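Asker: Below are the structure tokens for one structure; questions will follow.
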Amino acid sequence: MFAAVDLGSNSFRLHIGKYEDEGIRVIKSARDPIRLAAGIDKTGNLTEQACQSAIDSLTRFRAILRDYPLTAVRVVATNTLRVAKNAGELLPALERAIGYPVEIISGEEEGRLIYMGVAGVLADAGEERMVIDIGGGSTEVIRGLGEHIRHVESFGIGTVNQSLAFFPDGAITAAAFERAIISARSHVEDAVHLFSFDAAKVNVYGSSGTMRAIADTIRRNNMGDGRITLPSLADLMQRLIDFGHVSQIALDGMKPDRAGVIMGGLAVLIGFMQEFGIEVITPVEAGLRMGVMWDLQLRATKADRRDRSVEEFARRFHIDAARAHGVADTALGFFQLLKPATDSYARYLYWSALLHETGLVVSPTGYHKHSAYMIANADLPGFTTREQRLMSTLILGQKGNLKKISEMLADIDFAKAVLALRLAVMFRHAHITLDLEKVRVKLKSRIDLEIRRDYIKEHPSISFWFQKEQEWWAGIGVDFAVKVI
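Take the sequence shown: its letters are residues 1 to 485, numbered as in UniProt numbering.
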């Protein structure tokens with residue numbers, strides 16, 4: 001049983017689902033329309049009131065989660081927490097409220113998860129499709145074939161920011177809609193060529209709550225059959241203009257709490273359909289939260305998307321696979337010898353070791369710094385920003401001065417992961433194939449390493465590297481004792 005919590009710009013939502021009959025069945029859902037995006041002030045910070053609303057919402061969600069025997073929980077935050085300047089200050093309070101880590105995911109990762117959610121409910125594995133998700137603060141567009149993603153783009157335009165920008169006082173006019181639609185088209189016009197497709201061969205789906213609400217309103221008010229077309233959207237837009245103000249809207253299916261942002265979402269939808277040349281969009285009851293649960297299910301069955309991301313990244317930058325796997329296997333071996341309290345860093349250590357030489361494509365000089373930067377900023381599907389920063393720090397710490405990562409070394413298990421990687425890099429780069437059963441290493445208040453004398457005889461340069469390693473650890477107040485046996 002899995003739980004997905006989506007900290008969206010428009011609302012916070014929760015799904016609890018169970019994997020059965022090769023699908024995920026949602027058994028509990030909750031929604032809190034807190035309009036987080038509207039809480040960003042002129043300085044780019046979330047107001048105190050907005051922060052408290054977010055904390056209170058997650059406290060309520062935590063009470064719901066307690067009632068279920070959950071295998072895994074993932075909490076993801078999207079555009080508003082990506083752009084709010086004080087998001088980093090708010091994050092610890094949100095994590096205390098919900099009781100789980102909160103991951104601020106990139107727009108590309110959001111798009112990937114949205115597509116996973118949609119693909120999980122569509123049966124046709126060979127279908128050419130496009131998925132559009134209009135959120136409160138951003139809109140994701142994804143092209144794919146069956147379950148395979150071909151291209152993802154995230155645009156910084158959504159229902160809340162468009163409504164605030166063009167319908168701030170609730171008045172609904174034709175002129176305001178025209179400006180809002182032109183604004184939407186301007187956001188996407190430079191990216192249209194990336195999604196070039198034959199409209200007759202590609203099915204387009206709308207995955208967001210906004211899309212489903214618009215489609216439902218169209219159907220209930222006899223403007224169409226529930227699918228989204230430009231004529232039906234034009235009809236809906238005219239009806240809203242005729243009402244003249246948000247407070248006067250009287251349409252079946254349009255809930256009062258959604259009416260305030262529906263104009264912004266409608267303008268984005270019309271603008272995108274015009275710019276992409278889309279004739280019909282079919283709403284689908286799946287998206288980010290369903291994608292998060294599918295991702296958790298895949299991780300539980302060892303089909304982790306992150307493994308594939310690392311392999312693809314390594315191929316793209318022509319990393320020596322044999323050398324990288326040698327370092328990764330040796331690093332993991334050292335890590336096990338160091339007996340960490342948990343295995344929470346083991347996979348990140350392995351992935352970091354596989355990618356530790358990525359920066360060689362930039363320059364052999366300071367390659368570890370280039371590698372760390374690339375991993376921190378790359379688009380690695382499946383990884384969160386926090387995970388990439390963790391791997392970047394490990395990779396930065398693979399050699400040289402340790403002061404640059406000294407704060408992270410206060411975590412003893414992380415320090416063991418760094419030491420394991422440094423030793424693996426040192427020995428593999430010295431062309432020493434170690435028998436880890438004949439090596440002893442400990443890290444408590446100091447580092448103790450026992451190594452066979454024949455390794456030193458065969459590779460005398462290793463003595464120099466031991467000396468440098470002792471100096472670097474001494475620089476952060478840790479003794480490094482080497483005993484030759």
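Yeah, the Cβ is synthetic: ideal placement off N, Cα and C, and Gly gets one too.
Quantities reported herein were computed from a predicted structural model and do not represent experimental measurements.
Hey, out of 27, 317, 137, 108, whose CA is closest to residue 35's CA?
Answerer: For residue 35, the closest C-alpha among the options 27, 317, 137, 108 is that of 137.
Asker: So does the region 299-311 actually touch the region 347-357, counting three or more Cβ pairs closer than 8 Å?
Answerer: yes
Asker: I need the boundaries of the alpha helix (DSSP H) containing residue 411, first residue and last residue.
Answerer: No alpha helix (DSSP H) contains residue 411, which DSSP labels as neither H nor E.
Asker: What residue does the beta strand (DSSP E) around residue 432 start on, and which one ends it?
Answerer: Taken as a continuous stretch (DSSP letters only), residue 432 belongs to no beta strand (DSSP E), as it is neither H nor E.
Asker: What are the boundary residues of the alpha helix (DSSP H) that residue 456 is part of?
Answerer: 453-458
Asker: Would you please state the rounded distance, in angstroms, between the beta carbons of residue 289 and residue 21? I believe it to be under 8 Å.
Answerer: Contact between residue 289 and residue 21 does not hold, since the beta-carbon distance rounds to 19 Å and is not under 8 Å.
Asker: So, is residue 381 buried or exposed, given that buried needs 16 or more other C-beta atoms within 10 angstroms?
Answerer: buried
Asker: By the three-class DSSP mapping on this structure, what secondary structure does residue 55 have?
Answerer: helix
Asker: Classify residue 12 as helix, strand or coil using the three-state DSSP reduction.
Answerer: strand
Asker: Can you name the start and end residues of the alpha helix (DSSP H) that residue 188 belongs to?
Answerer: 174-188
Asker: Could you check what DSSP says for residue 163 in three-state terms: helix, strand or coil?
Answerer: helix
Asker: Check each candidate in 333, 318, 338 and name the one with the smallest Cα separation from residue 359.
Answerer: Minimum Cα distance to residue 359 is reached at 318.
Asker: Where do the ends of the beta strand (DSSP E) carrying residue 154 lie?
Answerer: Residues 148-155.
Asker: With burial defined as no fewer than 16 other Cβ atoms inside 10 Å of the residue's Cβ, what is the status of residue 82: buried or exposed?
Answerer: buried
Asker: For residue 245, write down the residues that DSSP places opposite it in a beta bridge.
Answerer: 171
Asker: Please list, in chain order, all residues of the same chain as residue 156 whose beta carbon is under 6 Å from its beta carbon, the five residues on each side excluded.
Answerer: 138
Asker: Identify which residue in 59, 47, 43 has its Cα closest to the Cα of residue 30.
Answerer: 59
Asker: Going by alpha carbons, who is nearest to residue 76 out of 109, 123, 52, 202?
Answerer: 109
Asker: Are at least three pairs of beta-carbons, each pair with one atom in the region 114-131 and one in the region 91-104, less than 8 Å apart?
Answerer: The region 114-131 is not in contact with the region 91-104.
Asker: Consult DSSP for residue 483 and reduce its assignment to one of helix, strand or coil.
Answerer: strand
Asker: Give the C-beta separation of residue 332 and residue 368 to the nearest angstrom, bearing in mind that I take them to be a contact with Cβ-Cβ under 8 Å.
Answerer: With 8 Å as the limit, residue 332 and residue 368 do not qualify as a contact, their Cβ atoms being about 19 Å apart.
Asker: Note the first and the last residue of the continuous alpha helix (DSSP H) segment covering residue 335.
Answerer: 321-337
Asker: Are residue 140 and residue 212 close, meaning C-beta to C-beta below 8 Å?
Answerer: no
Asker: Under the three-state reduction of DSSP, which class applies to residue 34: helix, strand or coil?
Answerer: coil
Asker: By the three-class DSSP mapping on this structure, what secondary structure does residue 443 have?
Answerer: strand
Asker: How many angstroms separate the CA atom of residue 339 from the CA atom of residue 326?
Answerer: 20 Å
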